[in-house]
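In this note's numbering, the protein residues as written are 11 to 253.
In this text, a Cβ means the ideal position worked out from N, Cα and C, and glycines have one as well.
Have a look at the structure below, then the notes.
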């Protein structure tokens with residue numbers, strides 16, 4: 011029987027015993043058995059793990075000679091042992107995720123916007139979807155973006171922000187104009203004339219910025235369905251009835 015067959019039988023028995031011993035433990039540890047596992051040998055007492063040698067039936071005699079030569083260099087001598095090791099991957103308990111680092115999120119956002127579509131998601135929605143994709147182990151679907159109430163809410167926020175920003179830029183450009191067209195009545199006729207805005211503000215004693223706050227539509231809210239009893243302004247009889 012070859013060395014590989016002997017070690018394979020020992021490894022199979024060891025993994026079975028390990029699985030049976032960990033079934034009753036709270037923290038279970040199971041190994042993923044791979045039939046093509048490698049057998050490595052520690053050829054010296056001070057050999058690092060990265061320097062272990064893979065042993066098989068072809069180089070077994072050379073590895074044994076090297077291990078025996080290293081053993082003879084010991085000053086205290088002693089019995090000769092050949093340390094062999096096999097490595098298996100630990101079975102994962104559940105699906106794993108990537109770390110959503112800033113670089114990985116930005117990379118996902120760039121890939122999302124690289125796909126042509128009628129309307130690209132806004133900054134908030136792109137950041138949210140990019141974070142989801144950055145944590146995914148499998149390759150995300152950049153053609154069909156996910157949708158849920160959170161993404162729809164973020165899209166609404168992005169649309170409202172874009173509208174306000176467009177209005178603000180247009181208003182700012184209009185305010186930065188040096189001349190504005192003003193209507194005057196001369197001899198009974200209305201005449202349109204360009205007037206210097208800075209001069210008009212100086213004449214009327216106004217500051218050099220707009221006094222008009224940006225307009226936002228009112229927020230419609232529903233009142234309470236049942237009114238609260240006004241105890242403070244009720245009469246004594248009404249208070250007794252309320253109590």
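Query	Result
CA nearest to the CA of residue 113, picked from 181, 149 and 137	137
Buried or exposed (CB count within 10 angstroms, at least 16 for buried), residue 198	exposed
Residue 252 to residue 238 span [Cα, whole Å]	Bear in mind that the predicted position of residue 252 carries a pLDDT of just 49, short of 50, making it unreliable; the figure below should be weighed with that in mind. Approximately 11 Å between the Cα atoms of the pair.
Burial state of residue 164, where buried means 16 or more other Cβ atoms lie within 10 Å	buried
Segment contact flag, the region 42–49 with the region 58–66, C-beta cutoff 8 Å, min 3 pairs	yes
Proximity to residue 98 [Cα-Cα], best of 15, 189, 28 and 196	28
Closer than 7 Å to chain C by CB, residue 159	Chain labels in this structure do not include chain C; a single protein chain is all it has.
Option nearest residue 21 by Cα separation, candidates 96, 52 and 54	96
Distance CB(residue 41)-CB(residue 17) smaller than 7 Å	no
Rounded separation between residue 131 and residue 227 - CA only	24 Å
Range covered by the beta strand (DSSP E) that runs through residue 94	93–96
Secondary structure of residue 99, DSSP reduced to three states	strand
Length of the line joining the Cα atoms of residue 81 and residue 70	16 Å
Reference residue 155; option with closest CA among 172, 88 and 127	127
Coarse secondary structure for residue 197, derived from DSSP in three states	coil
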